[in-house]
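Student:
Numbering (the working numbering), first residue to last: 1065 to 1172.
#1: Can you tell me whether residue 1172 is helix, strand or coil according to DSSP?
#2: Could you name the residues of the same chain whose beta carbon sits closer than 7 Å to that of residue 1107, not counting the 5 residues immediately before and after it, in chain order?
#3: Hey, would you say the C-beta of residue 1072 is under 7 Å away from at least one heavy atom of the ligand ZN?
#4: Measure from the alpha carbon of residue 1161 to the alpha carbon of each residue in 1080, 1105 and 1073, then state which is nearest.
#5: Taking the continuous alpha helix (DSSP H) assigned at residue 1123, which residues delimit it?
#6: Drop a sphere of 10 angstroms on the beta-carbon of residue 1149, count the other beta-carbons inside from all chains shown, and report buried for 16 or more, exposed for fewer.
#7: Where residue 1090 and residue 1119 are concerned, what is the direct C-alpha to C-alpha distance, given to the nearest angstrom?
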């Protein structure tokens, strides 16, 4: 693993499991401390936000779960790869801003 890497895991239950914490500690993998469910720091949450806004902006409301599923699949297929790349590329700045603003730190 890159020596500058920091493991990013929100406070979701699987990430807090004793086995996971033990492994990360035994391997001396640095972890970023951050709030649970933080869409600001989670790239996929930011991509879901883009999709959600696109779907919410449609002129015809979705009436069924099947329509929602089909619309999500269509919009996902239309999502420009550059939007995903931009979200990923913005992560170092997002993380640093969160660390600076909230006083979070890395831990071992």
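Beta carbons are placed, not taken as given, at the ideal position from N, Cα and C, and that holds for glycine.
Tutor: Short version:
#1: With a pLDDT of only 44 at residue 1172, under the threshold of 50, the placement of this residue in the model should not be trusted; the figure read from the coordinates follows. Of the three classes helix, strand and coil, the one that applies to residue 1172 here is coil, per DSSP.
#2: Exclusion of the five residues before and after residue 1107 leaves 1151, 1152 and 1155 as the residues of its chain whose Cβ lies within less than 7 Å of its Cβ.
#3: Among the components of this structure there are no ligands whatsoever, and the ligand ZN is therefore not found.
#4: With distances taken between Cα atoms, residue 1161 lies closest to 1105.
#5: Where residue 1123 is concerned, there is no enclosing alpha helix (DSSP H), because DSSP gives it neither an H nor an E.
#6: exposed
#7: Between the C-alpha atoms of residue 1090 and residue 1119 there is a straight-line separation of about 44 Å.
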